[in-house]
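Asker: Offset between the sequence shown (1-based) and our numbering: plus 9.
The structure's right below; bear with me while I get my questions together.
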Amino acid sequence: ASDYASVKSLEHVQGQVNEVKVILKDNIDKVLERGDRLDDLIGKTGDLQASADSFQRTSTRVARKYWWRNIKMLVIIGVIVLIVLILIILAATKVI
């Protein structure tokens with residue numbers, strides 16, 4: 010009877026050990042999957058940073074281009090207004 014009880018106890022302990030092994034294996038698999046996902050995320054983060062840097066350079070270049078275009082337009086408008094004023098003054102003084 011004592012041998013039967015110790016065999017039953019041993020089987021019970023073996024069952025618990027098997028359950029713990031399964032749980033540990035699942036946990037290790039999850040940790041490995043998480044590591045893979047983290048590696049993917051790190052790669053995507055690097056790509057996103059490169060895209061952000063490229064966008065920053067491009068947007069700065071475009072902003073500078075349009076700033077100069079605005080300045081050129083203001084100079085042209087100023088010259089036209091100046092010419093019109095000169096023509097009006099010359100016409101008013103009957104020089105032309």
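The beta-carbon is built from N, C-alpha and C at its ideal position, and this holds for glycine as well.
No experiment lies behind these values; they were computed from the predicted model shown.
From which residue to which residue does the alpha helix (DSSP H) around Lys17 run?
Answerer: Counted from its first residue, the sequence shown places residue 17 at position 8. Taken as a continuous stretch (DSSP letters only), the alpha helix (DSSP H) holding Lys17 covers 11-101.
Asker: Check whether the Cβ atoms of Leu99 and Ile105 lie closer than 8 Å to each other.
Answerer: Your numbering for residue 99 matches position 90 in the sequence shown. Your numbering for residue 105 matches position 96 in the sequence shown. A contact, by the Cβ cut-off of 8 Å.
Asker: Where Ala101 and Ile86 are concerned, what is the direct C-alpha to C-alpha distance, given to the nearest angstrom?
Answerer: Here residue 101 refers to the residue found at position 92 of the sequence shown. Here residue 86 refers to the residue found at position 77 of the sequence shown. Rounded to whole angstroms, Ala101 to Ile86 spans 22 Å at the Cα level.
Asker: What number of angstroms, rounded off, separates the C-alpha of Asp48 from the C-alpha of Val71?
Answerer: Counting from one through the sequence shown, the residue named residue 48 turns up at place 39. Counting from one through the sequence shown, the residue named residue 71 turns up at place 62. Taking the straight line from one Cα to the other gives about 35 Å.
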